[in-house]
Amino acid sequence: MKLHPFLDTNVLLDYFLARPPHANSCALILNQAALGKIHASTSATSFTNVAYILGRLEKRRVVEKDILELLQYVKIIPNTAQMLGDAVEMPLHDYEDAVQYVSALGAKCTQIITSNKRDFKNSSIPVLDPSEFCKRYCTQPA
């Protein structure tokens, strides 16, 4: 079975902003997705949040091309009214994290990759930080 990790928003931000300590691992994860070795997904919310944050940091133009490229190999999970309602009932402290969690559940993701594991402490899906995911599952690019 091919891995189907859910990428939390902070994974994309770590990649685009080259934020330590996970920037290299995030790049490797996205490379694995581009090569078709993993089936990475994220929510539509993640892409809008990333665009907003990068725009605020005046880095949006730097990454517009990268965002378009990511859309070719990272599956976008649309947010539905049902999902947004279900997120309210989740035992997570942050609504945005609850929306991400419901998205991962609905897409039947096999892992959640996040830089903030504590945000998903009640998850029924295994939660790994980017470095942990790479140590367990990633092969080095050719």
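For any residue, its number in the numbering used here is found by taking its place in the sequence shown, counting from 1, and adding 674.
Idealized CB from N, CA, C, for every residue including glycine.
Euclidean distance between Cα positions of residue i and residue j
{"i": "Ala761", "j": "Cys812", "result": "30 Å"}
{"i": "Asp771", "j": "Thr716", "result": "12 Å"}
{"i": "Gly710", "j": "Gly780", "result": "21 Å"}
{"i": "Phe794", "j": "Pro695", "result": "19 Å"}
{"i": "His767", "j": "Asp682", "result": "16 Å"}
{"i": "Ile750", "j": "Thr719", "result": "9 Å"}
{"i": "Glu743", "j": "Pro804", "result": "20 Å"}
{"i": "Arg730", "j": "Arg810", "result": "35 Å"}
{"i": "Lys739", "j": "His678", "result": "24 Å"}
{"i": "Val773", "j": "Thr784", "result": "17 Å"}
{"i": "Met764", "j": "Asn796", "result": "9 Å"}
{"i": "Ala697", "j": "Tyr769", "result": "25 Å"}
{"i": "Lys676", "j": "Met757", "result": "25 Å"}
{"i": "Gln706", "j": "Cys700", "result": "10 Å"}
Supposed contact pair residue j and residue i - C-beta distance, whole angstroms, cut 8 Å
{"i": "Thr788", "j": "Val776", "result": "Contact doesn't hold; Cβ gap of about 15 Å is too wide."}
{"i": "Asn753", "j": "Asn684", "result": "No, Asn753 and Asn684 are not in contact; Cβ-Cβ is about 18 Å, not under 8 Å."}
{"i": "Phe807", "j": "Ile703", "result": "6 Å"}
{"i": "Phe680", "j": "Ala778", "result": "4 Å"}
Residue closest to residue i, alpha-carbon to alpha-carbon, out of the options
{"i": "Leu691", "options": "Glu732, Ile712, Phe680 and Phe794", "result": "Glu732"}
{"i": "Tyr747", "options": "His713, Ala697, Met757 and Ser798", "result": "His713"}
{"i": "Lys782", "options": "Ser798, Gln706 and Asp803", "result": "Ser798"}
{"i": "Ala725", "options": "His678, Pro765 and Leu686", "result": "Leu686"}
{"i": "Phe721", "options": "Gln706, Asn705, Cys700 and Ile741", "result": "Ile741"}
DSSP bridge partner residues for residue i (one or two, in chain order)
{"i": "Phe680", "result": "Ser715 and Ile786"}
Exercise. Could you tell me which uninterrupted alpha helix (DSSP H) segments, each at least 4 residues in length, are contained entirely in the stretch 704-769, listed from first to last along the chain?
Key: 718-730, 734-747 and 755-762
Quiz item: Can you list the beta strand (DSSP E) stretches of 3 or more residues lying completely in the stretch 777-808, in chain order?
Solution: 785-787
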